Every structure is written in C-alpha cells, then in structure tokens.
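Sequence order for the protein chains is X and Y.
Numbering of the first sequence is given in the working numbering, commencing with residue 317 and proceeding in unit increments.
Numbering of the second sequence is given in the working numbering, commencing with residue 317 and proceeding in unit increments.
Take a look at the structure set out below.
Protein chains: 2
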Amino acid sequence: MAIRCGKMKSPSLEATLKSRKKVKSILNADESIIGQTLLVCGWVRTVRDQKSFAFIELTDGSSFANFQIIAEPSMIERLSTGAAIAVQGEIVKSPGGKQKYEMQAKELRLLGTSPSDYPLQKKRHSFDFLRTIAHLRPRTNTQGAVARVRSRLAYATHRFFQERGFFYLQSSIITGNDCEGAGEMFQVTTLNLDNPPKTEEGTLDTSKDFFSKPTFLTVSGQLNAEAYASALSDVYTFGPTFRAENSHTSRHLAEFWMIEPELAFADLPMIADLAEDYLKALITDVLENCAEDLAFFNQFIEKGLLSRLTHVQNSPFVRMTYTEAIAILEKSGRSFEYPIKWGADLQSEHERYLSEEHCKGPLILTDYPKEIKAFYMRDNDDGKTVAALDVLVPRVGEIIGGSQREERHDRLKEKIVSHDLPLEEYQWYLDLRKYGSVPHGGFGLGFERLVQFITGIENIRDAIAFPRVPGNCSF
Amino acid sequence: MAIRCGKMKSPSLEATLKSRKKVKSILNADESIIGQTLLVCGWVRTVRDQKSFAFIELTDGSSFANFQIIAEPSMIERLSTGAAIAVQGEIVKSPGGKQKYEMQAKELRLLGTSPSDYPLQKKRHSFDFLRTIAHLRPRTNTQGAVARVRSRLAYATHRFFQERGFFYLQSSIITGNDCEGAGEMFQVTTLNLDNPPKTEEGTLDTSKDFFSKPTFLTVSGQLNAEAYASALSDVYTFGPTFRAENSHTSRHLAEFWMIEPELAFADLPMIADLAEDYLKALITDVLENCAEDLAFFNQFIEKGLLSRLTHVQNSPFVRMTYTEAIAILEKSGRSFEYPIKWGADLQSEHERYLSEEHCKGPLILTDYPKEIKAFYMRDNDDGKTVAALDVLVPRVGEIIGGSQREERHDRLKEKIVSHDLPLEEYQWYLDLRKYGSVPHGGFGLGFERLVQFITGIENIRDAIAFPRVPGNCSF
Chain X
317 MAIRCGKMKS PSLEATLKSR KKVKSILNAD ESIIGQTLLV CGWVRTVRDQ KSFAFIELTD
377 GSSFANFQII AEPSMIERLS TGAAIAVQGE IVKSPGGKQK YEMQAKELRL LGTSPSDYPL
437 QKKRHSFDFL RTIAHLRPRT NTQGAVARVR SRLAYATHRF FQERGFFYLQ SSIITGNDCE
497 GAGEMFQVTT LNLDNPPKTE EGTLDTSKDF FSKPTFLTVS GQLNAEAYAS ALSDVYTFGP
557 TFRAENSHTS RHLAEFWMIE PELAFADLPM IADLAEDYLK ALITDVLENC AEDLAFFNQF
617 IEKGLLSRLT HVQNSPFVRM TYTEAIAILE KSGRSFEYPI KWGADLQSEH ERYLSEEHCK
677 GPLILTDYPK EIKAFYMRDN DDGKTVAALD VLVPRVGEII GGSQREERHD RLKEKIVSHD
737 LPLEEYQWYL DLRKYGSVPH GGFGLGFERL VQFITGIENI RDAIAFPRVP GNCSF
Chain Y
317 MAIRCGKMKS PSLEATLKSR KKVKSILNAD ESIIGQTLLV CGWVRTVRDQ KSFAFIELTD
377 GSSFANFQII AEPSMIERLS TGAAIAVQGE IVKSPGGKQK YEMQAKELRL LGTSPSDYPL
437 QKKRHSFDFL RTIAHLRPRT NTQGAVARVR SRLAYATHRF FQERGFFYLQ SSIITGNDCE
497 GAGEMFQVTT LNLDNPPKTE EGTLDTSKDF FSKPTFLTVS GQLNAEAYAS ALSDVYTFGP
557 TFRAENSHTS RHLAEFWMIE PELAFADLPM IADLAEDYLK ALITDVLENC AEDLAFFNQF
617 IEKGLLSRLT HVQNSPFVRM TYTEAIAILE KSGRSFEYPI KWGADLQSEH ERYLSEEHCK
677 GPLILTDYPK EIKAFYMRDN DDGKTVAALD VLVPRVGEII GGSQREERHD RLKEKIVSHD
737 LPLEEYQWYL DLRKYGSVPH GGFGLGFERL VQFITGIENI RDAIAFPRVP GNCSF
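Shown next as structure tokens:
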C-alpha cells in the first residue's frame, strides 16, 4: 500500500529509517536543531489543506504533543487520519508559539494508508467504545498518555526500590497453594476438559495434570517474598496477580499487577515510612517526567488532579490507629450507609471521610482487629489487634495495605490452624520462622489503582492495556 | 525465642532497627566509618569460639561478602549457623585484609535461633537437593548471588529501554487466543472440574466459564506489543510466559519471564543492532554492579566466565544469513549428529559450531527459510525466506530470536490462512496492518536463559526462584 510522494533522497526507506528522530527529541532540542534536515516518522492526527500549502499534525507516541509539518498540497493527496508517513524536511522555528519547532517537508512517503472506516476519526469517543478496540485505543490522547505514565510509574518503582538496596524478586505465577489468603482463584490445567481423567470417586484426577496436582494462578507474591526477605533482607515483587471474583465494578480486574516490597528487620512504623516515601517518590517522578501527560489529565480527566497530587506530595501522612479512627467516625455525627462500630471493616465512605474531611490529606491507619485481617499478620500484645496498616488517600481511599508478619513460629502455627488452613501446605512458610526468624513485613500496592490515583482515570479498565474482566478476555 | 545477650542501649529492638546499616554500605564506606558505633542485622554464616573471643561471619544478603564480627564468648552461647542476630558495635579496620572493616561487638541480640536440623549447615549441597528447599536456598552463596544478579539484570533491562525512549507494556497474561504461534498452552478456568457444565454434545461448556470462553496462559506478549508499537513507536514487554511442554531438560521451564521489545519504523538490521547493543549493555552493567557475585561464579560455577563475558562485550556481532551459515556448516567437514541441509532448523550443535569455532564469538543469523518460522514474520522478496534473526553466543547457542513482522495486510492474511490459523481470532491483529501499517519488528529474550548466560548456571531451574516444571509446583 505504500506509495512514494515526492522523492526520498535515499533509494530505499530501509536505508533512512535508522536516521529517524523522535518527536520528543526534536521538541526538547536546543535551537541548534533549527536548519537541520531530519527524518520523522509517525501517524497523521489531522491533515488540513490550505490550497498553497498543507498542515499535518503528526504523532509518533514519544510525547503527548503532536509535531506540525508544513507540506506541499501534492504531498498529502492520500493522507488521512491514522495514516503512517515518513517525512524528511527542515526544522524551522514555529511561528505559532504553540510549540518550539515545526518541519518544512521536502519529501513525504506514505507508509500505510488509513481507510475511511478507521474507527478513530477526529472526534471524542466514549471510553466504553474504546475498550472494544483496545488494540487501537493507545493511539488516542487519553490512552497514549495512560500508557506513557504507566510505563514511567513502573520504571520509577524499580528505581525507588533498587536505589534503596531492594532486590527484585519475580515470584511465581502458577501456585500449588489454593489458599494464599485472598479471594477466589483461577485453576490452571493441561487436562483435556472435554474428556478428563477421573478418580475412582468420579472427581477430576489431578494426579494426571501437568504438575501432578491442582494448580492455580497466584493472588499474591508475598509468601514467596518473605522467603527471599529472609535471605536478602529487602526485596520487592512486581508481577501479575489474579482474582476470579465476579465483580463488575470500576475498581476490579481479574488480572492486575501488584508491587509487594518485603523488609526484614522491620517493624510496622518502618513499613509505614516506606509506603509514604514510595508514594511521594512516585508523584515527584511523574510530575517531572510526565508533565505534559499530567497536564492533559488535569484539564480533561480530573480537574484539580495536579493540586491533589502536589497536596499528597507535600503532606505528612497522618498515623492513626484503627481504634482512634472508629472513635472519630462515631463522633463525626455523619450518617454512613454502613454503620460503623469497632470490629467492622472500614468501607470506602469511612476511608474517604477520614482522609478527605477529617485529616484533609493522606493517612495511615494501623492496628486493625485481628478478625478482619489475614492469618499472617502479627498479633499485637492487646490480644485484639494485629500489626496491619492501610494507606488512605483523598478521592481513592485505600491504596496500600500491609502488615508486620507474625514471625513467632508457634503463634503463626496457631493462626494457620485457627484460620482452618491446611498446615502441611504451610510447612515451608513455617520453616522461615523456625530457622533464623526475624521481625519483617511489607505492603502491597495494586498497580492499576496507582495508575488511577496518578491520572484521575475513573474506571480501572482504562488503567491497563487489555483489561480482563468477567465475560471478557479479548485481544 | 528471642533472648537478649549483653544489653542493648535502647530498651526495645523496635526503637533501634531503623538505624540498622546494611553490610554492603559498611564494606563500601570510606574510612570515616572507623570508630562509629553501628547496628547490623543478619544471619550467622559461621561462628567460631576462640576462648577469649569469638568470630561471627554475618550475612544480610545485601552483598556477596560476609561481615566479620568479633564478639565476647558469652555473646555466642546460643548462636549457630542460620540464626538471626542484631549486633551493635564499633567499626574497626580489619587486620586480616580480607575485608576493609569488621565490628567489635558491644551488644548482641539473638532474634531467631536456628535449630540443629537447619538444612544449610556449612557444607556443600547439591543443586538438586537445594531445589527441594527452594524457600531456604537463597541463603546459600550461589542462590544469593543468582538472586542479586537476576535483580540487577531486570533493572538494567528497564534502564536500557527506558533511556532509549521505549515504553514498558505489561501485556496480558490470560489470553483468549489459543494459538499465539508457540507451543502448548495451559488452560485457565473457574469451572468446577469435578462436576463441570457440559454442552449438549457432552463437551465442556466454556460459555459458563469466567470469561465465557476458553482461556489460556500467554506464550508471548508480542502481538499485544505490536498493537502498542503501532501507537507509541517503541515498546517492550517484560512479563511471565508459559509453555505446557513436557520437557524435562536443563533448558526448559513451564513458567519463565520474557523480554520482548517491539520497534515501529524498523527493519531487520535495526532490530539486530538493538539486540547487540542490549546484550552488551547488560554485560557492562553487571560487570560493574555485580562484580563480587560474578567473581564467585567465575571461580566456582564456570571457570572462564568473566573472559567469556568480556569477549562478547568487546566483539562485534557477526551478521550472516542462514543460507551462508548452511554453506559454512556443509563445508566444515564436521559430522554432526543432525545432518544439516538448507531448509532444516539449526540444532544446538550447529549453532555452537558457528559461534564457538567458525566465528569465535557472537553472531546474528538472518533470513531463515519461511517453512521453519512463525506466520507473522515478513516474507523476503526471494519467496523462500523470511526476515527472521537469531542471536547465537558461545556456550549457550541461541539466546535471542526475533524478526521483522509482516506489515502488508494481504500478505499477512494469506499467511494466517496458510498456517491454518483462525482468521476471526486475528482480525484485531490484521487491523494493525489495515490502519497506518508501518515496517516494524522486535525480538524475544528468555530471561532465565539470560541469567544462565551471565552466571554460567548450568540448569535453568537454578536461574529462577521457584521453578515450575512438569510434576513440580512447590512453594
């Protein structure tokens, strides 16, 4: 489909592609770039014919900003929104002032046309519609910006932990443990399910399965991380996790990514400090490195996003126990949909009241009733609470959950039993408490919730490239 | 189990943990550290009682080197290999010269004992045995070093691509596509497999499954990456991938991590250049940042490792077509186990001959017969070959495989049909060629093979924390 308009100096495109400059590097260059003849490649956002010349707005995804190209009308004959082109031309100062430089095209080559049924014509599309074309939506302003910010947040995460001496652990995805303590799991199998092998009792004979037993997709890398923290001191995981919950909300995905640091020789206040430092470092990083994308979100997705982020960045995170929080909620005079009393889990409305109205900023709640928390959390001396923490931020509510882990062998064993979990599955986990046990703990952060927090994106399905939700596993 | 030996200055451990210094930071400090009183925490590697004083070798996993502590005999009463301790003491110059500094203990606290059945007593253990205690093996020299190098390689990967303007794409793990073009897949389900719903034909009724259709674990993020490269230009994935192959070799895992960069506006030579730059950058990075760990591997795992790595680092990667390689193999006079002729896939023995004997260094083979390569690779004009590449390195053989992708819509459609793949599953993939198609391509690197290449580790099961192989999904 590629045709040549004008003439490329080099005989083949292949010989010139390598010299291509990205839009971002041109727009960020100093003025010595003026007068240079360069090659840019990208996709046409808009093309306007002004009779004696034409304007092309080009994107190559490297930056939020498009790049303006001034072309001869003959060059744009078959160009339309979505078409891919390579353009050689001279960089000139942009008279408009909207951007620093633009290009006077000398030669333009159409690499790939874009027929008139291209779904992303220049108009606003609903996010619901865009999800049905998730393979094309990164070409939109919003999803391009989400992808760039998400990539930067991932990189900032690695930088943050690596610079503090944490080691990255890729914890296992397929697990033989069907009770990691958080929600419904997906089963993984290679058996022929149309005609599966059966035991004498008529149930599935999983001894014939790939791993010779039932296996599942992990819900958390934490238990793996504890094993590595018990050797390397400080580690973090960053990998996909899964929940087979039939939730059709804007806050749930069946497949999502989690970051789970785990620290040896650490108590709950140290874990809380790390969580605060980490969130602040992420905000600082994206404010510096994704300024254009965030300005777009601030204007079109969530008014006030930038002030919300800088507020969190500059606020000390208040520390408060769950018990104190309950007293505040009880005294608030507010009538909540879910009445609150000591022992109940906090709902989103409670978390947001505490964060948005009472503290007017981020806070870290600690020491929750043990009945509502996982078996591995460390018992406090009061006999009623465990050394858990949740980080609550305005607008989003809970963004991080963590705890100090029960490092006392016999206590942990009791807790496994009292939670009706099978002891034999946890022998290796108990070993970590038998040999050289240390105070340790960590937290988990759902990466897509973080993307929502940073971008203001309302629906979590728009915070990941190809969302997996009940009834939908396309692309 | 924790007892106190001597007296800690602070009343509680919790109050002091935060001031803990890691061994690596002490050993790398300048001499102003001498005379300071510091707290170190870690695990006892060895303890030796010399009557008037005692030596403790401590590790906290932050570095390969242990830290030597001189203690009073009374302090070590219940210490044994594997025990966890916190020690406060004065940093002094080490007289031995084996390391720069050591500590004169003032107070020592036993955090967690290590009973005499601790499996990692001071003796060599076989890697086979250590795999059965994968939760404890990161405490060994070898696995601690593997974990640190692996973490660094992951970080170096992110740095390399991010600094070149690539965006990180987390491609999807669960896929509805059962034919991504590479090997057997694991099925993912939430159906009750003991009593599954059936269709009228008696087969599994996957319309009742979580995603309302059959779903699988991904074998590659490439197709997702192509969608994002068609919007953001340059992207890379780094995530887990799966093969349900019943392979019991030292080179295969059922679950492994892959790095897959995908470049828009790129042809095969550009992809080859990127692969060469990337491998060299990784070697440079670990030689600088994991010197102690690599020295250990060089001494105990693979003699000559360091010279092999520096050789690859300093060699230009030879480019050669598959057809040229076949001619060389035919002329070699060598009798191979698998006879070679044009059209056949290269075996490890051929790859190693080309790399180790003919080129005496790394090489990149290109333009393979289309019959032995995947459907998405770009047809060359000769009608016989495709724009594929493999990177071969001494000792390991193939470490990277890649290609330029078929960007011509009608050609790709023909190839999908001729490979007997279901067209309807690939409509979205064809869309990438319908709207603004561009020359593009990329490569895939198996991360555990990279770890083997960098560390000299023989068995791939020792290059990942918790290996998943047929019949084994422990921890």
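We put the CB at the ideal spot given by N, CA and C, even for glycine.
Nothing here was measured: the structure is a model prediction, and the numbers come from that model.
#1: Is it right to say D433/Y is buried, meaning 16 or more other beta carbons lie within 10 angstroms of its own, or is it exposed?
#2: For the beta strand (DSSP E) containing T375/Y, list its first residue and its last residue.
#3: Taking only three categories from DSSP, how would you classify R361/X?
#4: Three or more beta-carbon pairs under 8 Å between the segment 757-765 of chain Y and the segment 572-581 of chain Y, yes or no?
#5: In this structure, what does DSSP give as the bridge partners for K689/X?
#6: Whole angstroms are fine: how far does the CA of Y742/X sit from the CA of A582/Y?
#7: Alpha carbon to alpha carbon, how far is R784/X from D525/Y?
#8: So, does the CB of M586/Y fall closer than 8 Å to a CB anywhere in chain X?
#9: Specify the secondary structure class of Q404/Y as computed by DSSP and reduced to three states.
#10: With a floor of 4 residues, list each alpha helix (DSSP H) that falls wholly inside the segment 672-757 of chain Y, ordered by position along the chain.
#11: Taking the alpha carbon of L427/X as the reference point, which residue from L509/X, S442/X, S487/X and V356/X has its own alpha carbon closest?
#12: Measuring alpha carbon to alpha carbon, tell me which of E646/Y, G377/Y, P431/Y and R635/Y ends up nearest P679/Y.
#13: Would you list the residues sitting across from K637/Y in a DSSP beta bridge?
#14: Taking its Cβ as the centre, do 16 or more other Cβ atoms sit within 10 Å of V733/Y, making it buried, or is it exposed?
#15: In the structure shown, what three-state DSSP assignment does K531/X receive?
#16: Closer than 7 Å by beta-carbon distance: list the chain X residues that pair up with H451/Y, in chain order.
#17: Check the Cβ of K529/Y against every Cβ in chain X and list those closer than 8 Å, keeping chain order.
#18: Run down chain X in chain order and give the residues with a C-beta less than 9 Å from the C-beta of C357/Y.
#19: Residue range of the alpha helix (DSSP H) that L424/Y falls in?
#20: Quick one: is S390/Y buried, meaning 16 or more other Cβ sit within 10 Å of its Cβ, or exposed?
#21: Quick check on DSSP: helix, strand or coil for K414/Y?
#22: Against chain Y, does R727/X count as a neighbour if the rule is that its beta carbon must be under 8 Å from one of theirs?
#23: Give me the Cβ distance between L598/X and L469/X, rounded to the nearest whole Å; I'm assuming they're in contact under 8 Å.
#24: Return the chain-ordered list of same chain residues with a C-beta closer than 6 Å to the C-beta of R711/X, the five sequence neighbours on each side being excluded.
#25: By Cβ distance, which residues of its chain are closer than 7 Å to H666/Y, with the 5 residues on each side in sequence left out?
#26: Along the alpha helix (DSSP H) that carries I770/Y, what are the first and last residues, could you check?
#27: In whole angstroms, what is the alpha-carbon distance linking N457/Y and N540/X?
#28: Counting along the chain, where does the beta strand (DSSP E) carrying Y301/Y start and finish?
#29: Which same chain residues, not among the five before or five after M324/X, have their C-beta less than 7 Å away from its C-beta?
#30: Assuming T639/Y and D683/Y form a contact by the criterion Cβ under 8 Å, report the distance between their Cβ atoms to the nearest whole angstrom.
#31: Please confirm whether F572/Y and L533/Y have their CB atoms less than 8 Å apart.
#32: Give the secondary structure of L603/X by DSSP, where H, G and I count as helix, E and B as strand, and everything else as coil.
#33: Return the residues of the segment 379-405 of chain Y that lie within a Cβ-Cβ distance of less than 8 Å from chain X, sorted by chain order.
#34: My output table needs one value for F572/X: the three-state DSSP class, helix, strand or coil.
#35: When you check each C-beta in the segment 460-482 of chain X against every C-beta of chain Y, which residues fall closer than 7 Å?
#36: Work out the CA separation of Y552/X and D778/X for me, nearest whole Å.
Well, looking at it:
#1: Classification of D433/Y: exposed, given that the 10 Å Cβ count is below 16.
#2: Following the DSSP letters along the chain, one finds T375/Y inside the beta strand (DSSP E) bounded by residues A370 to T375.
#3: Here R361/X sits in strand by DSSP.
#4: The segment 757-765 of chain Y and the segment 572-581 of chain Y touch, with no fewer than 3 CB-CB distances between them shorter than 8 Å.
#5: For K689/X, which the question treats as bridged, DSSP gives no partner whatsoever.
#6: A582/Y and Y742/X have their alpha carbons spaced roughly 50 Å apart.
#7: So the alpha carbons of these two residues sit roughly 13 Å apart.
#8: Closer than 8 Å: yes.
#9: In the three-state reduction of the DSSP assignment, Q404/Y falls in the strand class, which pools E and B.
#10: Counting only runs of 4 or more, we get 725-734 and 743-750.
#11: Comparing Cα positions, the closest option is V356/X.
#12: According to the sequence provided, residue 679/Y is Leu. The question's Pro does not apply to it. That would be R635/Y, whose Cα lies nearest to the Cα of L679/Y.
#13: Here the sequence assigns Thr to residue 637/Y, which means Lys is not the residue at that position. DSSP, once it has assigned bridges, lists T682/Y as partnering T637/Y.
#14: So V733/Y ends up on the exposed side.
#15: Looking at the sequence itself, residue 531/X is Thr, so the reference to Lys does not match. Note: T531/X maps to strand in three-state DSSP.
#16: From the beta-carbon of H451/Y, the residues of chain X found nearer than 7 Å are A543, W744, D747 and L748.
#17: Result: C789.
#18: Residues of chain X passing the Cβ test: S549, A580, F581 and V754.
#19: Looking at the DSSP string, L424/Y is not in any alpha helix (DSSP H); the run it does join, the beta strand (DSSP E), is Y417 to G428.
#20: Under a 10 Å Cβ-count criterion, S390/Y is classified as exposed, with fewer than 16 other Cβ atoms of the shown protein chains found around its own Cβ.
#21: Residue state, collapsed to three classes: coil.
#22: Interface annotation, R727/X: not in contact with chain Y, CB-CB separation never under 8 Å.
#23: Confirmed, Cβ separation roughly 6 Å.
#24: Its chain contains no residue whose beta carbon lies nearer than 6 Å to that of R711/X once the 5 sequence neighbours on both sides are disregarded.
#25: Only L645, F652 and I656 meet the Cβ criterion.
#26: First-last of the alpha helix (DSSP H) with I770/Y: F763 to T771.
#27: Each residue's alpha carbon lies about 19 Å from the other.
#28: Shown here, chain Y extends from 317 to 791; a query on residue 301/Y therefore has no answer.
#29: Residue placement at M324/X is poorly supported in this model, since its pLDDT is 43, which falls under 50; the coordinates still yield a value, given next. Scanning its chain for C-beta atoms nearer than 7 Å, with the 5 sequence neighbours on each side dropped, one finds around M324/X the residues T332, Q404, E423 and R425, in chain order.
#30: The Cβ separation is near 7 Å, so the contact holds.
#31: Not closer than 8 Å, so no.
#32: It is helical.
#33: Taking 8 Å as the upper bound on Cβ-Cβ separation, chain X lies near residues G398, A399, A400 and A402 of the segment 379-405 of chain Y.
#34: If DSSP states are grouped into helix, strand and coil, F572/X belongs with the strands.
#35: Contacts with chain Y (Cβ-Cβ distance below 7 Å) from the segment 460-482 of chain X involve G460, A463, R464, S467, A470, Y471, H474, Q478 and G481, listed in chain order.
#36: For D778/X and Y552/X, the distance between alpha carbons rounds to 26 Å.
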